[in-house]
Amino acid sequence: MAAKILDGRAIAARWRDWAKARVEAFRARTGHVPGLATVLIGDHPASQSYVQAKQNACAAAGIRTFHYRLPAEVDQETVMKLLGTLACNPEVNGILVQLPLPSHLDEEEILSAIPLEKDVDGFHPMNLGRLGLKGRDPYFIPCTPLGILAMLQEAGIPIAGRRAVILGRSRIVGLPMALLLLRLDATVTICHSRTPDLATVTRQADLLIAAVGRPGLVRGEMVQPGAVVIDVGINRVADSQAPRGYRLVGDVAFEEVAAIASAITPVPGGVGPMTVAMLLVNTLKAAQRQLEGFASPWLEDGL
Ligand code: GUN
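Each residue of the sequence shown is one higher than the one before, counting from 92 in the working numbering.
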């Protein structure tokens, strides 16, 4: 069986257009241009390129960006002061602090300082908690899990009643992905670095989501025939033939797994572009909620 390739670039382009049209309509209605503040601490090369991609996508969609770049040695108090200022700035509808943070900073305190209604990444503990609770919507759903949901919906892949296995329990992907799928009535298992006999667990999955940052971890024999495989890994591996000296590979051994799965996301061009597109969606909704009173965190039908 040859898997259907879930083309994140194409799906993300449609969501970017969706957001752009609504940003323009919102501006015409309210006179306000949605604004996103990005905070990048230190000089992690991948983080720099992710934040740049987010800023470019915002600019193309008509969303204003306010960028704050802080040195790796910045102290906690300075970061907290900046967040306090951004929290009060009415031009700033969304606040994104790029992760990971340098290890001397208190991530919990920093993410908790973002007001719930500006938490477009959905990483505030209250937003994460609400994500898992039926009947208690979060203000925002984290962008990568939301982007994966958009891809599954677009491909007509059912979630309720399916067995989902998630590799990784990070705040950015694994944990919110698990909460989201649980809420959508999947039977969810989370695996991590202490899980023994990974293959026995992954072979049970109808839906397998790999988000651990280990190149090629998921091999063909770990996948149930016909499973849907979502690869969230974006790993740089050295390649002297590549223009930048590295190439990007996922957590899944693509060729092997594509021969077994029913659908698979490529790297690059799979989940990555969806994360950026969902940030636009969440930022638009932040502005709508702040100026017009209501915005659902869920994806609208029809895309
Ligand atoms: N680091 C990797 N992915 C993300 C993301 O979606 N948001 C933030 N803030 N940091 C990240």
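Every residue gets a Cβ at the ideal spot worked out from N, C-alpha and C, and that includes glycine.
Note that the coordinates shown come from a computational prediction; the quantities given were computed from them, not determined experimentally.
Original post:
With distances taken between CB atoms, is the gap from residue 317 to residue 274 smaller than 8 Å?
Top reply: Against a cut-off of 8 Å, the Cβ pair of residue 274 and residue 317 comes out as no contact.
**OP:** Could you tell me the distance, in whole angstroms, from the CA atom of residue 153 to the CA atom of residue 378?
**Re:** Put simply, the backbone Cα of residue 153 is about 13 Å away from that of residue 378.
Subject >> residue 393 versus residue 230: straight-line alpha-carbon distance, rounded >> reply: Summary for residue 393: the model assigns pLDDT 46, below 50, so the residue's position carries little reliability, and this model does not support an answer.
Original post:
In or out: residue 221 buried (at least 16 other Cβ within 10 Å) or exposed?
Top reply: In summary, residue 221 is buried, with 16 or more beta-carbon neighbours lying within 10 Å of its beta-carbon over all protein chains present.
Original post:
If you draw a straight line from the C-alpha of residue 139 to the C-alpha of residue 149, how long is it?
Top reply: Their backbone Cα atoms lie some 15 Å apart in a straight line.
Original post:
When every heavy atom of ligand 1 is checked, does at least one fall within less than 7 Å of the C-beta of residue 356?
Top reply: No, the beta carbon of residue 356 sits no closer than 7 Å to any heavy atom of ligand 1.
Original post:
Taking C-alpha atoms, which residue in 277, 287, 302 lies nearest to residue 260?
Top reply: When only C-alpha atoms are compared, the closest one is 302.
**OP:** Could you tell me whether any non-hydrogen atom of ligand 1 is closer than 7 Å to the CB of residue 280?
**Re:** For ligand 1, not one heavy atom lies less than 7 Å from the Cβ of residue 280.
Original post:
When DSSP labels each residue in this structure, what does residue 216 get in the three-state scheme?
Top reply: In this structure, DSSP gives residue 216 a helical state, which the three-state scheme calls helix.
Original post:
Does the beta carbon of residue 166 fall short of 7 Å from some heavy atom of ligand 1?
Top reply: It does not: the Cβ of residue 166 is nowhere closer than 7 Å to a heavy atom of ligand 1.
Original post:
Across which residues does DSSP place residue 110 in a beta bridge pair?
Top reply: For residue 110, which the question treats as bridged, DSSP gives no partner whatsoever.
Original post:
Can we say the stretch 332-342 touches the stretch 372-390, given the rule of at least three CB pairs closer than 8 Å?
Top reply: Contact fails: fewer than three Cβ-Cβ distances are below 8 Å.
Original post:
With which residues is residue 158 paired in a DSSP beta bridge?
Top reply: In DSSP, residue 158 forms a bridge with 129.
Original post:
Does the beta-carbon distance from residue 94 to residue 349 come in below 8 Å?
Top reply: Contact: yes.
Original post:
Can you name, in chain order, every residue of its own chain whose Cβ lies under 8 Å from the Cβ of residue 285, other than the five neighbours on each side?
Top reply: Within the same chain, residue 285 has no close Cβ partners at all.
Subject >> alpha helix (DSSP H) runs wholly inside the stretch 340-369, at least 4 long, in chain order >> reply: Counting only runs of 4 or more, we get 345-349.
**OP:** Determine the contact status of residue 271 and residue 219, defining contact as a CB-CB distance below 8 Å.
**Re:** No, the Cβ-Cβ distance between residue 271 and residue 219 is not below 8 Å.
Original post:
At which residues does the beta strand (DSSP E) containing residue 328 begin and terminate?
Top reply: Here the beta strand (DSSP E) through residue 328 covers 326-329.
**OP:** Report the three-state DSSP secondary structure of residue 337 (helix, strand or coil).
**Re:** The DSSP-derived three-state label of residue 337 is strand.
Original post:
For residue 287, which of 258, 173, 203, 144 has the nearest alpha-carbon?
Top reply: Nearest option by C-alpha distance: 258.
Original post:
Do you know how far the Cα of residue 205 is from the Cα of residue 189?
Top reply: The straight-line gap from Cα to Cα measures roughly 13 Å.
**OP:** Evaluate residue 117 with the Cβ neighbour count: other Cβ atoms within 10 Å of its Cβ, from every protein chain shown; 16 or more gives buried, anything less gives exposed.
**Re:** Flag for residue 117 reads buried.
**OP:** Report the rounded CA-to-CA distance for residue 103 versus residue 239, giving the unit in angstroms.
**Re:** So the alpha carbons of these two residues sit roughly 11 Å apart.
Original post:
Is any heavy atom of ligand 1 found at a distance shorter than 7 Å from the C-beta of residue 212?
Top reply: Residue 212: yes, Cβ under 7 Å from ligand 1.
**OP:** Return helix, strand or coil for residue 142, following the three-state DSSP convention.
**Re:** Three-state DSSP puts residue 142 in a helix.
Original post:
So, are the CB atoms of residue 354 and residue 248 less than 8 Å apart?
Top reply: Going by beta carbons, residue 354 and residue 248 fall inside the 8 Å limit.
Subject >> Beta-carbon proximity check, residue 256 vs residue 292, cutoff 8 Å >> reply: Yes, Cβ-Cβ distance for residue 256 and residue 292 is below 8 Å.
Original post:
Is residue 132 near residue 183, with beta carbons less than 8 Å apart?
Top reply: No, the pair does not count as a contact, with Cβ atoms beyond the cut-off.
Subject >> Cβ-based neighbour list, residue 193, same chain, cut-off 7 Å, excluding 5 preceding and 5 following >> reply: Exclusion of the five residues before and after residue 193 leaves 132, 133, 163 as the residues of its chain whose Cβ lies within less than 7 Å of its Cβ.
Original post:
Quick one: what's got a C-beta closer than 7 Å to residue 328's C-beta in the same chain, skipping five residues either side?
Top reply: Sequence-distant partners of residue 328 (beyond 5 residues in either direction) whose C-beta falls short of 7 Å from its own C-beta, in its chain, are 306, 337, 338, 340.
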